[in-house]
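Under my numbering, the first residue of the sequence shown is numbered 7, with each subsequent residue one higher. Cβ coordinates follow ideal geometry from the N, Cα and C atoms, glycine included. All of these numbers come straight from a predicted model, not from anything done at the bench. To start, the structure itself, in structure tokens.
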Amino acid sequence: MEVHLGHLRRVLEVMRANKLYANIDNCVFASPEIKVLGCFISNVGVRADPEKVKAVAAWPTPQSQKDLRKCLGLANYLLKYRAGYAGLARPLSELLKNDSDWRWERQHQDAFESIKASLPQAPVLALPDETKPFSVVCDASDYAIGCALLQTDADGHERVISFQSRQLKAAKRNYPVHDKELLAMKYALVKFRVHLLGFRPFVIYTDHASLRTATNSPHLSQRMARWLSFFAEYNFRVECKPGKINVLADALSRRPDYELAHITRVTTDLYDRIRMAYRNDESLASLVRYLTADKEAKSEWLSPRQRSRLHRYEWQDGLLYYRVEPHEPQRVVVPNDEDLKFGILQEAHDAPSSGHLGREKTFLSVSQAFWWTHMYKWVARYVKTCETCQRVKPAGHASAPLQSLPVPVDCWKLMSLDFVFGLPADDHGNTGILVFVCRLSKMVHLAPVPDTVTGEQAARLFVDSVFRHHGLPETFVSDREPRFTAAFWQKLFQLLGTRLHMSTADHPQTDGQTERVNRVLEDTLRSVCAAAPRTWSERLPVVEFALNNAVHASTGFTPFYLNGMRHPLVPLTLRGGTESSILSGGEARKALSSEVSDLRPVSARKQVESLSTPG
């Protein structure tokens, strides 16, 4: 207090000598803390203005880029009080890029809430003392760099004067680790230049040992040479402090959710159970014994049937494989264990990602990965006796012949779209589904919609569900509903060069492909959501997966395979210790082109058969 009074007396004497006056209402004397330039200063240090922190904490969820810029503008002012701010704000900064569409998702809300929650917990920063030496800690991660300016107080404790951090742009993320660490050092010197520039020496702590000798390296890139020229303005030495000790800077540049993910192999116990069951299957025991023996194998161990088909069997990683035809993939042989077989059929038919599809599709799904004798009969009996299917699926009915549409030359060149309405309202008020269908591969994309859906909303759903994966089709096939014939759609198609084909008025079955998909979709939804009908929109993604992972009768392939030359993994086909074969880009394009060229005459023949078959 005596020091404060002495300072106050000197100020008042100067004011009196120069005839300067102060308004007593605007004066505060002997205050433990004062507000200066948006922060509060005391003998302890500097802290953020509580009103500004409160303003950020109470900020509503941004609804546009403009709202987000305002919020981050205020939050950025407070970043010097918060370690690791750049990492926290990274998802939000991505939304402010010029080429970024405004889509506020869960990750953005989480980052927004994290920033609001972190600022009230910000520490009090120490005031710099220019008569004492400073020290700097800095670090770099894959996505951000961070640093802190430190000074030791009278009690020998290190106090933080300022935190600084920022995200790395795409080009800088590709820098080698050594260059990223140097970039963090340069960033610290720029940010704390007013305190560090001069003759007084200081220390920079880093967890990268090679930076101690970086200035003496005889092999410098042009970038490093420029940086070293900048470093020459400062009087400092570099000391190594490992990451486990250099906690402060490490936290500034790293967040666990932005680190590279650890690779985890996911498996199930199904294949272990199959391996164990081989021991109890007498019909396979001799075959397994023969294939696993070295020089002692004797053909007498095998039955005549096994000897004749021996070239089709192979033993790998404790599993017996069978190849039906030389050009077909291997399938895991399932031992004679009813529990195993029923478990496989249950996954292939009853699981939401399987969709309670019919006998043929279920058999083709199971036969892609497994083989056992009389498997088709097993599948037919299982599907026929499925209680859910019998209860919710209506009996089949004949339809009138449909008009022919041209067979497209490639996937998603010709697309059908339609609505399915009349579903129970979900939690978001959706009562319908917008259905997009590729007319060649039969792939579908589904989007829940309310019954008041507009043409503009349908256009956005098309961009979100189809365009981002497949681009624009050359031709749409749609019924004559107002939502597709509105001026918005016509103008959009005109600008994008799309030709809208209309169905016959009041007869939507002209677009037979989508109508058939709609019937299958309704049956599948009824089966999957039998226990909770109002949850249909939550199950829509797995229903879409089930339809796209089922072999289609008109093509002989799954839509997934025709679009990407691969069969996606499901829990039933997760197999530890093996790697599926992957085609190179050129091989995949060549194979896909061959498959599609073979597919067009098949699709045309199937279409002729459907048109010529009486209802």
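Closest to residue 164 by C-alpha separation, out of 152, 174, 139, would be which residue? Proximity to residue 164 across 152, 174, 139 peaks at 139, based on C-alpha coordinates.
Report the three-state DSSP secondary structure of residue 13 (helix, strand or coil). helix
State the CB to CB distance for the pair residue 275 and residue 342, rounded to an integer number of angstroms; the pair is presumed to be in contact (CB under 8 Å). Incorrect: roughly 19 Å between the Cβ atoms, too far for contact.
Three-state secondary structure (DSSP) of residue 417: coil
Among 313, 435, 449, 212, the one whose alpha carbon lies nearest that of residue 246: 212
Return the residue from the list 144, 471, 438 that minimises the CA-CA distance to residue 197. Out of 144, 471, 438, 144 has the C-alpha closest to the C-alpha of residue 197.
Element boundaries [beta strand (DSSP E), containing residue 384]: Where residue 384 is concerned, there is no enclosing beta strand (DSSP E), although the alpha helix (DSSP H) it sits in stretches over 381-390.
Just reading off the alpha helix (DSSP H) that residue 293 is part of, what are its end residues? Note, residue 293: alpha helix (DSSP H), 288-298.
What residues are listed by DSSP as bridge partners for residue 39? 48
Taking the Cβ atom as the reference point for each residue, do residue 557 and residue 370 lie within a distance shorter than 7 Å? yes
Return the Cβ separation of residue 166 and residue 123 in integer angstroms, given the expectation that the two are a contact with Cβ distance under 8 Å. With a Cβ gap of about 20 Å, residue 166 and residue 123 do not count as contacting.
With a threshold of 16 other CB atoms inside 10 Å of the CB of residue 191, please say whether the residue is buried or exposed. buried
Considering only residues of the same chain and omitting the five flanking positions on each side of residue 281, which have a CB-CB separation below 7 Å? 324, 325
What does DSSP give as the partner residue(s) for residue 245 in the beta ladder? 211
With a cut-off of 8 Å on the beta carbons, I'd call residue 358 and residue 545 a contact; round off their distance for me. For a cut-off of 8 Å, the C-beta gap from residue 358 to residue 545 is around 6 Å, short enough to register as a contact.
Would you please state the rounded distance, in angstroms, between the beta carbons of residue 423 and residue 441? I believe it to be under 8 Å. 6 Å
Could you pull out every residue in the same chain whose Cβ sits closer than 7 Å to the Cβ of residue 382, ignoring the five residues on either side in sequence? Once the five neighbours on either side are set aside, the close Cβ partners of residue 382 are 369.
Sorted by chain position, which residues of the same chain lie with C-beta nearer than 6 Å to residue 399's C-beta, five sequence neighbours on each side aside? 529
In whole angstroms, give me the CA-to-CA distance for residue 419 and residue 313. 49 Å
For residue 132, three-class secondary structure by DSSP: coil
Residue 277 versus residue 340: straight-line alpha-carbon distance, rounded: Distance between the alpha carbons of residue 277 and residue 340: 10 Å.
From the DSSP output, read off the bridge partner residues of residue 150. 173
Please state whether DSSP places residue 438 in a helix, a strand or coil. strand
Around the Cβ of residue 205, are there at least 16 other Cβ atoms within 10 angstroms (buried) or fewer (exposed)? exposed
Candidates 186, 209, 181: closest to residue 156 by CA position: 209
Any idea if residue 17 is buried or exposed, counting beta-carbon neighbours within 10 angstroms, 16 or more meaning buried? exposed
Exposed or buried, residue 421, counting other C-beta atoms within 10 Å across all chains shown (16 or more means buried)? So residue 421 counts as buried.
If we count the other Cβ atoms within 10 Å of its Cβ and call it buried at 16 or more, is residue 49 buried or exposed? exposed
What does the alpha-carbon distance come out to for the pair residue 111 and residue 475? 19 Å
Just verifying my parser: in three-state terms, what is the DSSP assignment at residue 567? helix
Per DSSP, which one or two residues make a beta bridge with residue 453? 440
Between residue 20 and residue 13, what straight-line distance do the alpha-carbon atoms span, to the nearest angstrom? Here the C-alpha atom of residue 20 lies approximately 11 Å from the C-alpha atom of residue 13.
Among residues of its own chain, excluding the 5 on either side of residue 321, which ones have a beta-carbon nearer than 8 Å to its beta-carbon? 294, 297, 298, 327
Residue(s) in a DSSP beta bridge with residue 427: 438
Roughly how many angstroms separate the alpha carbons of residue 438 and residue 174, rounded to a whole number? 44 Å
Which one or two residues does DSSP pair with residue 422 in a beta bridge? 443, 483
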